[in-house]
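To start, the structure itself, in structure tokens.
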Ligand SMILES: Nc1ncnc2c1ncn2[C@@H]1O[C@H](COP(=O)(O)OP(=O)(O)OP(=O)(O)O)[C@@H](O)[C@H]1O
Ligand SMILES: [Mg+2]
């Protein structure tokens, strides 16, 4: 089984709104797959359909080789889910929450205890295991949810914005844990708003916008395809008028950022020539000159068109 | 194989039951509502009409206690969990919706048979005799089962207002887990409406549909009657389906 997730023509309609509109994709074993998109793009809806929480209106979903509609229990047995909103039982203690989860997954008591102890230790919650979740901070809840999702040692984990609202250390910790998964042949399906995180963590990302997939590729490749987002960062020793700089050849767009200019272009090489000519002609000294690749964020904005 | 699967799901429903008991049942209000209220009703009757016999009053007290305890919490569990979104967690676990609701039912069933021990003890102390212990126990068990299912039915009408995705969650998962509910005329039911969610008791018992049907035919000797109205006595209240 090469593809742990297979999705064909997946659609979900809410009234008139097509929250998810005929999307297709596959996720391979051992991959960290990022699912990006602006608010309301349909990420959570997709994830809920994939985990069998809501039903799709159309399309086929295979999870670990099982059709989620026909064999939901088998499909769900080996997956872990971190839903969008923290939802541990606040009236139970962390430990009781873990035990409840293991009971739902049919894990023998001894195994469940060992595993829970290991996970809670790993996420720095073990010393608070007997406290009610009511008194947990948001970050602690989020870490507990991760523990709960991993109690069955899943081979495929779905995470809906697992690091939103967390401090740097917790985020780092969760990232570290996730990064170990591919080595064990486990797969991660992750939605996030953090481009930096997606860039660093994901083997492949899908960018979804208004229910449709706008692009799906490796982060580096995505950046490469967005050629027109290539840019050069340049600064001079004296103040330069924007207008003058705009007039030289090969400049598509210009942005001032402090004392630096970001110049967007299709042709990096020729732009450098014309920039040096420009400087020479005016007796300016070039202080810095850097070529910039587009960041994933810029690609994202380009594809989803939420800016400009 | 099938038996194993069944047992496995049953064990998981015990997990759900444990959670329900911990969160919802071991709370003051449940005990108060379940026991004190019937007790006051009992006192009212006791003082109000002195010619009622003690046997009658005590059996009334016992059945009221069973009713109030078994239905005290079950109607709110599902809507509440949908609202705080713990339901999503339960549904994403490998348990069928039957397992889930069976767990809820077990919890209130258990309460429905444990709390009535109080009025039974009171009755015994007041000198009331139990003539048929086995039938008496069976009666309490059956009543607790019925009333806890009934409590769950109460949470079934689809409600959207504050519970946004409740409907969606449940109706979605029902089709992923267990056979859809369709007695006689699929999907349409005068009592519960079309898009009902928590109809678990029906879901379990609709498998006995044929038996009930036969029984109704025998009882009524009229095919018209049994086609249009089905009495699932005593396990189900009733279900009228439009032809
Ligand atoms: N239960 C529902 N009923 C009606 N509309 C819904 C429901 N759930 C989602 N939607 C709609 O579907 C669209 C996609 O929502 P979804 O929650 O999947 O977005 P998202 O990509 O997860 O956004 P965010 O980044 O804010 O989490 C939205 O327009 C939302 O209003
Ligand atoms: Mg979301």
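Protein chains in written order, with the numbering used here: chain A, 409 to 716; chain B, -9 to 233.
Backbone N, C-alpha and C define an ideal beta-carbon position, used for all residues, glycine too.
The structure presented is a predicted model; accordingly, all values stated were derived computationally and were not measured.
Near ligand 2, residues with a Cβ at less than 7 Å from any of the ligand's heavy atoms are A:451, A:452, A:492, A:568, A:569 and A:599; the list follows chain order.
By the CB criterion at 8 Å, residue 74 of chain B and residue 470 of chain A fall outside the cutoff.
The stretch 33 to 47 of chain B makes no contact with the stretch 128 to 148 of chain B: fewer than 3 CB pairs, one atom from each, lie closer than 8 Å.
Fewer than three pairs of CB atoms, one per stretch, sit closer than 8 Å, so the stretch 664 to 677 of chain A makes no contact with the stretch 0 to 16 of chain B. At least one heavy atom of ligand 1 sits closer than 7 Å to the Cβ of residue 448 of chain A. The C-beta separation of residue 53 of chain B from residue 102 of chain B comes to about 11 Å, leaving the pair out of contact by the 8 Å criterion. Residue 427 of chain A and residue 452 of chain A have their C-alpha atoms roughly 10 Å apart. By the rule that beta-carbons nearer than 8 Å mark a contact, residue 75 of chain B touches chain A. Rounded to whole angstroms, the gap between the alpha carbons of residue 585 of chain A and residue 541 of chain A is 22 Å.
In the three-state scheme derived from DSSP, where H, G and I count as helix and E and B as strand, residue 437 of chain A is classed as coil. Remark: C-beta atoms of residue 572 of chain A and residue 601 of chain A approach each other more closely than 8 Å. Cβ-Cβ distances below 6 Å link residue 85 of chain B to 2 in the same chain, with the five nearest sequence neighbours on each side left out; the list follows chain order. Interface annotation, residue 98 of chain B: not in contact with chain A, CB-CB separation never under 8 Å. Boundaries around residue 665 of chain A are those of the beta strand (DSSP E), 661 to 665, since no alpha helix (DSSP H) includes it. Interface criterion met: the Cβ of residue 82 of chain B is under 8 Å from a Cβ in chain A.
Between the stretch 488 to 506 of chain A and the stretch 101 to 115 of chain B there are fewer than three C-beta pairs closer than 8 Å, too few to call the two in contact.
At a Cβ-Cβ threshold of 8 Å, residue 123 of chain B and residue 51 of chain B do not count as neighbours. At a C-beta separation below 8 Å, residue 86 of chain B has these neighbours in chain A: 480 and 481.
Residues of chain A whose Cβ lies closer than 7 Å to the Cβ of residue 18 of chain B do not exist, since the nearest Cβ in that chain is about 14 Å away. Cα atoms of residue 67 of chain B and residue 14 of chain B: separation of roughly 8 Å, rounded to the nearest angstrom.
Taken through DSSP and simplified to helix, strand or coil, residue 617 of chain A comes out as strand. Between residue 564 of chain A and residue 587 of chain A, the C-beta spacing is not below 8 Å. If you ignore the 5 residues before and after residue 590 of chain A, its C-beta comes within less than 8 Å of the C-beta of 438, 439, 440, 596 and 611, all in its own chain and listed in chain order. Counting only Cβ-Cβ distances below 7 Å, residue 569 of chain A has no contacts in chain B at all, with the closest Cβ about 14 Å away. Under the Cβ criterion (8 Å, minimum of three pairs), the stretch 656 to 665 of chain A counts as touching the stretch 677 to 686 of chain A.
For residue 489 of chain A, the residues of chain B that pass the 9 Å Cβ criterion are 78, 79, 82 and 83, in the order they occur in the chain.
Counting every other CB atom within 10 Å of its CB across the protein chains shown gives residue 550 of chain A a total of 16 or more, marking it as buried. Runs of the beta strand (DSSP E) lying entirely within the stretch 420 to 497 of chain A and spanning at least 3 residues, in chain order: 425 to 436, 440 to 444, 466 to 471 and 487 to 490. The alpha-carbon separation between residue 512 of chain A and residue 599 of chain A amounts to approximately 25 Å. With a cutoff of 7 Å, residue 442 of chain A does not count as near ligand 1, since its C-beta is closer than that to no heavy atom of the ligand.
Counting C-beta pairs closer than 8 Å gives three or more between the stretch 415 to 430 of chain A and the stretch 619 to 636 of chain A, which meets the contact rule. Straight through space, the alpha carbons of residue 709 of chain A and residue 554 of chain A are spaced by roughly 30 Å.
Beta-bridge partners assigned by DSSP to residue 411 of chain A: A:436. In this structure residue 106 of chain B is not in contact with residue 63 of chain B, their Cβ atoms being roughly 16 Å apart against a cut-off of 8 Å. Using a cutoff of 7 Å, the CB of residue 427 of chain A counts as near ligand 1, since one of the ligand's heavy atoms is closer than that. By the neighbour-count definition (other C-beta atoms within 10 Å, threshold 16), residue 95 of chain B is a buried residue.
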